[in-house]
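Worksheet: the structure to be examined is printed underneath.
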Amino acid sequence: MENKSTKKDRQQLLITLLSKEMEHLRKICFKYQRRPLLDYPITIQEEKCPKDNQYAGLYKYENDTHKIYIDTDEIKKYTDYNKQISYYSKKQAFNNLKSIILHELTHAYVKDRFELISKLKGCERDASPIFLACLKHFGGHSGYNFMSGYYHSDLYYETCDIDNYKELEKYLICLIKEYNKVSEELGKSKSIGNNNYTLCNFEYSYRNAGLLPKLYSKDTIVGVKDNEFKILNTSANLYEVGVAISPYALKILAEKKADNYSNFKWKGINKHYCLSNKNIKTINIEDNIN
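Numbering of the sequence shown is given in this note's numbering, commencing with residue 1 and proceeding in unit increments.
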């Protein structure tokens with residue numbers, strides 16, 4: 001007879017598995033300490049993922065709460081296991097479900113633990129060096145294509161032999177500080193020539209191991225002052241930093257790519273003509289942001 005689980009059964013299973021994984025990580029990260037794994041609350045529930053955005057597990061942070069969503073079909077591979085039609089064992093289905101929960105829980109832990117000291121947004125993202133170093137240390141897995149970049153990165157070779165979490169955490173804190181330093185240096189508004197200013201911003205990557213020039217925004221302001229034309233150029237760049245980009249490489253590559261706005265995925269270029277104090281005309285030169 002075919003097994004059919006109820007939503008209540010599946011929810012109870014998720015809660016049980018999450019509790020076990022949290023205790024497992026707590027013993028790794030805070031051995032001999034009487035403290036919880038996370039500072040903020042966490043929830044888990046099943047969700048039928050849409051066809052246009054398929055996932056086994058999904059992590060979100062909303063209203064000061066970590067939220068984990070597990071695809072219903074992934075849960076049913078174990079709870080509604082059918083030996084006649086499955087190409088895997090029930091134990092494999094169970095271990096896969098545990099692995100998905102561990103992966104999403106690692107997102108929550110990295111955000112909870114490291115976000116406040118990182119000046120780069122998204123330290124918990126899938127291609128973040130901070131996330132992947134923790135995921136490997138916890139025995140987790142990731143199936144994204146950028147993982148080949150991780151296995152050839154400086155981060156992998158420098159952390160693969162670290163078997164003590166406290167040592168790994170010290171390493172990651174130093175690494176975050178190095179990224180912060182480069183971000184601050186390149187993020188300051190720089191004057192290039194007369195009345196030309198540029199500003200660089202950085203965040204960790206979702207799906208790329210390298211450096212992704214994500215957003216380029218340029219505004220040229222033309223006005224008249226003291227019977228003379230005045231022109232002010234301002235530009236802002238946003239980059240996504242992947243696991244294969246060390247702080248040293250970030251500084252070199254960002255400065256190179258900033259010179260060519262065609263490298264950027266999204267671009268917005270505008271000219272603003274100040275015709276009078278209250279009359280400004282904007283001309284859109286190029287825009288694929290919206």
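Glycine included, every Cβ here is placed at the ideal spot set by N, Cα and C. For clarity, every value in this text was computed on a predicted model and none was experimentally measured.
First and last residue of the uninterrupted alpha helix (DSSP H) at residue i
i    : result
E184 : Y165 to G187
V110 : K90 to F114
A209 : Run containing A209: none; DSSP gives neither H nor E here.
P129 : P129 to H137
L253 : P247 to K257
Beta-carbon contacts of residue i that lie in its chain and below 6 Å, excluding the five residues immediately before and after
i    : result
I221 : L232 and H272
L58  : Y69
S235 : T198 and K218
K230 : G223
N290 : The predicted model places N290 with a pLDDT of 49, which falls under 50 and marks its position as unreliable; any figure quoted below should be read in that light. There are no such residues.
L168 : H137 and I162
F131 : V110 and E124
Identified DSSP bridge partners for residue i
i    : result
K20  : Answer is none; K20 lacks a bridge partner.
D219 : T234 and N270
L155 : For L155, which the question treats as bridged, DSSP gives no partner whatsoever.
T65  : E62
K121 : E203
G57  : I70
Y87  : Answer is none; Y87 lacks a bridge partner.
Bounding residues of the beta strand (DSSP E) (the contiguous stretch that carries residue i)
i   : result
K76 : Unbroken run through K76 is the alpha helix (DSSP H), T72 to T79; no beta strand (DSSP E).
I44 : I42 to E47
Proximal residues to residue i (C-beta, below 8 Å), its chain only, five neighbours per side dropped
i    : result
S86  : K77 and A93
K225 : none
Residue j beta carbon less than 8 Å from that of residue i
i    : j    : result
L13  : T79  : yes
Y40  : H24  : no
P129 : L102 : no
C200 : A254 : yes
E47  : L105 : no
L172 : F114 : yes
I44  : I15  : yes
L250 : L211 : yes
P213 : N263 : yes
7 Å Cβ shell around residue i - same chain, five flanking residues per side excluded
i    : result
L38  : H66, A108, Y109 and D112
Y81  : N3, K90 and A93
A133 : L155, T159, L168 and L172
Y144 : D126 and R207
Any C-beta of chain B under 8 Å from that of residue i
i    : result
E185 : No chain B is part of this structure, which consists of one protein chain only.
Taking 8 Å as the threshold, find out whether the stretch 94-112 comes into contact with the stretch 62-74 through three or more Cβ pairs. yes
Touch check for the stretch 236-250 and the stretch 204-214: three-plus C-beta pairs under 8 Å? yes
Would you say the stretch 116-134 touches the stretch 171-181, given that touching needs at least three Cβ pairs under 8 Å? yes
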